[in-house]
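One structure is given below, encoded as structure tokens.
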Amino acid sequence: MLKSVHMAGHVIRKRINVGSKSDHEAVVLVCAEGEFKLRRRGGPPFVDEALDPLVGKRISASGIVSAGQFIVDDYEVTGSA
Amino acid sequence: MPVHKVIVTNVAALKAKYGSTYSQVKVALATLAASDKARGLKSKLIAIDSGADMKAVRGRAVTGPHDQRGAKAAIDAIVKKHEPDYVVILGAQDVVPHIALSNPMADDDRSVPSDLPYACDVPYSRDPARFLGPTRVVGRIPDEAGASDPALLVTLLGIAATHRTRERSLYGDPFALSAKTWVKSTRLSVETIFGGGTKLFTSPPHGPKWTKAQLAPRVHFINCHGNTLTPTFLGEFPEEKYFDAHDSAQLPHKVSEGTVIAAECCYGAELYDPADADGKPGICSTYLREGAYGLFGSTTVAYGPSEGNGQADLICRFFIEAVLGGSSLGRAAAEARHRFVSQFSHLDPSDLKTAAQFLLLGDPSIHAVAPVPHALSRSHAVKRALASGAIVQGTRAFRRERIARAGHNLSHTVGAAQAAKRRAPASARALLESVARESGLRDVIHQSYRVVFPAQARATSSAPVQASRRARSVHLVQGSSRTDKDARGLPQASAIIATLEGSRVVHIRRVHSR
Chain A
1 MLKSVHMAGH VIRKRINVGS KSDHEAVVLV CAEGEFKLRR RGGPPFVDEA LDPLVGKRIS
61 ASGIVSAGQF IVDDYEVTGS A
Chain B
1001 MPVHKVIVTN VAALKAKYGS TYSQVKVALA TLAASDKARG LKSKLIAIDS GADMKAVRGR
1061 AVTGPHDQRG AKAAIDAIVK KHEPDYVVIL GAQDVVPHIA LSNPMADDDR SVPSDLPYAC
1121 DVPYSRDPAR FLGPTRVVGR IPDEAGASDP ALLVTLLGIA ATHRTRERSL YGDPFALSAK
1181 TWVKSTRLSV ETIFGGGTKL FTSPPHGPKW TKAQLAPRVH FINCHGNTLT PTFLGEFPEE
1241 KYFDAHDSAQ LPHKVSEGTV IAAECCYGAE LYDPADADGK PGICSTYLRE GAYGLFGSTT
1301 VAYGPSEGNG QADLICRFFI EAVLGGSSLG RAAAEARHRF VSQFSHLDPS DLKTAAQFLL
1361 LGDPSIHAVA PVPHALSRSH AVKRALASGA IVQGTRAFRR ERIARAGHNL SHTVGAAQAA
1421 KRRAPASARA LLESVARESG LRDVIHQSYR VVFPAQARAT SSAPVQASRR ARSVHLVQGS
1481 SRTDKDARGL PQASAIIATL EGSRVVHIRR VHSR
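Order-wise, the sequence lines are chains A and B. FYI, the numbering for the first sequence is 1 to 81, going by my numbering. FYI, the numbering for the second sequence is 1001 to 1514, going by my numbering.
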């Protein structure tokens, strides 16, 4: 089981994996550790409209990281970017 | 008696996962060995964590289940000693690691977990370009990553032990499934393999609640989206509207025993711990648990065009064609890699990633489909000679000789793109940007690569060819198109790839976004 991590940063919308079979517009966390596509655990793996309101916000979140994706268990909006 | 099949594992890692229930794995392994013996294969279990086992092959024990360099060296030593026809890697990556190759593409994968290096007789490296010529027949029988119950592994060993080879006619029409956005590409694949008029499901509107009758065919060819730590494959239509197309939860009791799957999907062969996905196992391990013999899929983000065939389409098609032609699953994987790589003078970064990321899950020694025998083999004289021992079949040895020759030829002759800190010449850059604009690309990223050929290729090439290769480079403009759309309103392109010799553009192609 992957270790749970905590990361904080601001959220943007960005195309990821351009040109691949996974090319899509994603909600991405930009933080000190790098850039990670955001997913909610148990949420839709590609486009999750529940994450749209986070774009432009600063968040703090906990979850697991796999293949450049941050699959969050919980998050908190801490301000505007 | 020579060892035909080595089963390579880390016993300490298995015992750490399963404790006293490891005994169930031992029983299942003994059953598989007996089954192999009954079909003329001597198999041998070798623990790469065992000092004694590794000393016997003049190798060194691995330091732990994540020791990639050690695992590669251990398997090389085992193959050198025994020269087996089949190499079975037993366990998921928390038992015997994948080799984390460098990712030649600028996508989100930090690395490309791969079993390809185990199939090649060159030393450990993280450079995927070192592994273009597999010479070994390799597959992985996985257990459940992170599990404490060996049920999956015991089941898969049992399936391998009781498998049977079937006539080609029983692998007729496939279960073929495509994201609707990629239907042209998928139709080309399945009609090339199975002929015109082949039934093709698209998502949307179909799936994921397939009936047993729909999933009954023994070949499944799937071209959908996939994602890391995700128990579903997804369809798409219209643009960026995703739908569950295939779900591991919908597979139980519906998969025919002996099914062989080629999954083009991103992460289609990712072996993950179900605990990281709300307890939901991956589609690949679920297929195998339900009786499939093998799955050929990708560990990471995959590539392919929306129309025509390329990258993932080709390597998956080549795998299925080899299986249907009577190759063992492991040989089919090797032949698919050979056919894929041999198309190119040099591999561009997306081709290179494709070659590295696809792997076989399943026992590589299984022949799902019987080859069509020559009429002579049915003659009384030949049957008598076989029964008396006057003819000793050596055809598998011939096939291995051919695999090794093809692998060596490829590794000695095919070049590959390697990321380089250089810019395209101004004229080429202008052309790329012009084509990108005309294709409606936005958010573009430029990347450049030099093309490196093996030393042997340089030695055997004429001076003009050598000069041409030395001057060769690859330049990419990657971006997304949301302005140039086809009749269905779908994006047309997302990357332009140009090959240059000196400052002259000698080849340019447009890779369609999936």
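Just so it is clear, CB atoms sit at the ideal spot from N, CA and C, and this is done for glycine as well.
At least three beta-carbon pairs within less than 8 angstroms, the segment 1174-1182 of chain B to the segment 1230-1241 of chain B
Three or more beta-carbon pairs separated by less than 8 angstroms link the segment 1174-1182 of chain B to the segment 1230-1241 of chain B, which places the two stretches in contact.
Only counting runs of 4 or more residues, tell me where the alpha helix (DSSP H) segments fall wholly within the segment 1137-1191 of chain B, in order along the chain.
Taken in chain order, the complete alpha helix (DSSP H) segments of 4 or more residues contained in the segment 1137-1191 of chain B are 1151-1162.
Boundaries (first-last residue) of the alpha helix (DSSP H) holding ASP1036 of chain B:
As a first step, residue 1036 of chain B is located in the second sequence; it is residue number 36 there, counting from the start. Segment 1022-1038, the alpha helix (DSSP H) holding ASP1036 of chain B.
Take HIS1246 of chain B and list the residues in its own chain whose beta-carbon comes closer than 7 angstroms to its own, dropping the five residues that flank it on each side.
Position 246 of the second sequence, counting from 1, holds the residue named residue 1246 of chain B. Within the same chain, and ignoring the five residues on either side of HIS1246 of chain B in sequence, the residues whose Cβ sits closer than 7 angstroms to its Cβ are LEU1177, GLY1207, PRO1208, ILE1222, CYS1224, THR1232, PHE1233, ILE1283.
Compute the Euclidean distance between the alpha carbons of ASP1076 of chain B and SER1345 of chain B, then round it to the nearest angstrom.
As a working mapping, residue 1076 of chain B is identified with position 76 in the second sequence. As a working mapping, residue 1345 of chain B is identified with position 345 in the second sequence. ASP1076 of chain B and SER1345 of chain B: Cα-Cα distance of roughly 28 angstroms.
Segments assigned alpha helix (DSSP H), at least 4 residues, entirely inside the segment 1306-1357 of chain B:
As far as the segment 1306-1357 of chain B is concerned, its whole alpha helix (DSSP H) runs of at least 4 residues are 1311-1324, 1329-1342, 1349-1357.
Check whether the Cβ atoms of VAL18 of chain A and VAL55 of chain A sit closer than 8 angstroms, and answer yes or no.
The residue labelled residue 18 of chain A in the question sits at position 18 within the first sequence. The residue labelled residue 55 of chain A in the question sits at position 55 within the first sequence. Pairing VAL18 of chain A with VAL55 of chain A gives a Cβ-Cβ distance that is not under 8 angstroms.
Taking a contact to mean a Cβ-Cβ separation below 8 angstroms, would you say ALA1457 of chain B touches PRO1349 of chain B in this structure?
Along the second sequence, read from residue 1 onward, the residue named residue 1457 of chain B stands at position 457. Along the second sequence, read from residue 1 onward, the residue named residue 1349 of chain B stands at position 349. Between ALA1457 of chain B and PRO1349 of chain B, the C-beta gap is not smaller than 8 angstroms, which leaves the two residues out of contact.
Rank B:VAL1088, B:LYS1055, B:ASP1049 by C-alpha distance to the C-alpha of GLY1294 of chain B and give the top, closest one.
Along the second sequence, read from residue 1 onward, the residue named residue 1294 of chain B stands at position 294. Checked all of B:VAL1088, B:LYS1055, B:ASP1049; the closest Cα to GLY1294 of chain B is B:VAL1088.
Indicate whether GLY68 of chain A and ASP1273 of chain B have their beta-carbon atoms separated by less than 8 angstroms.
One-based indexing of the first sequence puts residue 68 of chain A at position 68. One-based indexing of the second sequence puts residue 1273 of chain B at position 273. No; because the gap between Cβ atoms is not below 8 angstroms, this pair is not in contact.
Within 8 angstroms (strictly less), CB to CB, does GLY1091 of chain B reach chain A?
On the second sequence, position 91 is the one that residue 1091 of chain B refers to. For GLY1091 of chain B, the nearest beta carbon of chain A is not closer than 8 angstroms to its own beta carbon.
Any C-beta of chain B under 8 angstroms from that of ARG40 of chain A:
In the first sequence, residue 40 of chain A corresponds to position 40, counting from 1. Not closer than 8 angstroms to any Cβ of chain B, the Cβ of ARG40 of chain A fails to qualify, so no.
Kindly say whether ASP23 of chain A, judged by its beta-carbon, lies nearer than 8 angstroms to any beta-carbon of chain B.
Locating residue 23 of chain A in the first sequence gives position 23, where the first residue counts as 1. Answer yes: the Cβ-Cβ gap between ASP23 of chain A and chain B drops below 8 angstroms somewhere.
DSSP bridge partner residues for TYR1267 of chain B (one or two, in chain order)
The residue labelled residue 1267 of chain B in the question sits at position 267 within the second sequence. Note: TYR1267 of chain B sits in no beta bridge, so no partner.
In or out: ARG1423 of chain B buried (at least 16 other Cβ within 10 Å) or exposed?
Along the second sequence, one-based indexing puts residue 1423 of chain B at 423. With fewer than 16 other beta carbons inside 10 angstroms of its own, ARG1423 of chain B counts as exposed.
Can you grab the Cα-Cα spacing for the pair LEU1041 of chain B / LYS1005 of chain B, in whole Å?
For this step, residue 1041 of chain B is matched to residue 41 along the second sequence. For this step, residue 1005 of chain B is matched to residue 5 along the second sequence. Their Cα atoms are separated by approximately 7 angstroms.
Run through chain A and tell me which residues come within less than 8 angstroms of ALA1495 of chain B, C-beta to C-beta.
The residue given as residue 1495 of chain B occupies position 495 in the second sequence. Simply VAL18, GLY19.
With a cut-off of 8 angstroms, do at least 3 Cβ pairs link the segment 1100-1118 of chain B to the segment 1363-1370 of chain B?
The segment 1100-1118 of chain B, when compared against the segment 1363-1370 of chain B, does not touch it at the 8 angstroms Cβ threshold.
Interface partners of VAL1095 of chain B on chain A, CB under 8 angstroms
If you number the second sequence from 1, residue 1095 of chain B lands on position 95. Within 8 angstroms Cβ-Cβ: nothing; VAL1095 of chain B doesn't reach chain A, min ~15 angstroms.
Nearest candidate by alpha-carbon position, reference GLU1307 of chain B, set B:PRO1128, B:PRO1204, B:SER1189, B:ARG1168
As a working mapping, residue 1307 of chain B is identified with position 307 in the second sequence. Measuring from the Cα of GLU1307 of chain B, the nearest candidate turns out to be B:SER1189.
By the 9 angstroms beta-carbon criterion, what residues does the segment 38-64 of chain A contribute toward chain B?
Here the close residues are ARG39, ARG41, GLY42, PRO44, PRO45, PHE46, VAL47, ILE64.
Could you check whether the segment 1428-1443 of chain B touches the segment 1153-1171 of chain B, counting it as contact only if at least three pairs of C-beta atoms, one from each stretch, sit closer than 8 angstroms?
Judged by Cβ distances under 8 angstroms, the segment 1428-1443 of chain B makes no contact with the segment 1153-1171 of chain B, as fewer than three pairs qualify.
Using the three-state DSSP reduction, which class does LYS1485 of chain B fall into: helix, strand or coil?
As a first step, residue 1485 of chain B is located in the second sequence; it is residue number 485 there, counting from the start. Residue placement at LYS1485 of chain B is flagged as unreliable, the pLDDT there being 45, under the threshold of 50; a coordinate-derived value is accordingly withheld.
Closer than 9 angstroms between beta carbons: that is the criterion. Which residues of the segment 1158-1176 of chain B meet it against chain A?
Here the close residues number zero.
Does the CB of GLN1068 of chain B have a neighbour CB from chain A at under 8 angstroms?
Here the question's residue 1068 of chain B lines up with position 68 in the second sequence. No, its Cβ sits nowhere closer than 8 angstroms to a Cβ of chain A.
Unbroken stretches of the beta strand (DSSP E), 3 residues or longer, contained in the segment 31-77 of chain A
Every beta strand (DSSP E) of 3 residues or more that sits fully in the segment 31-77 of chain A is shown, in chain order, as 34-40, 57-66.
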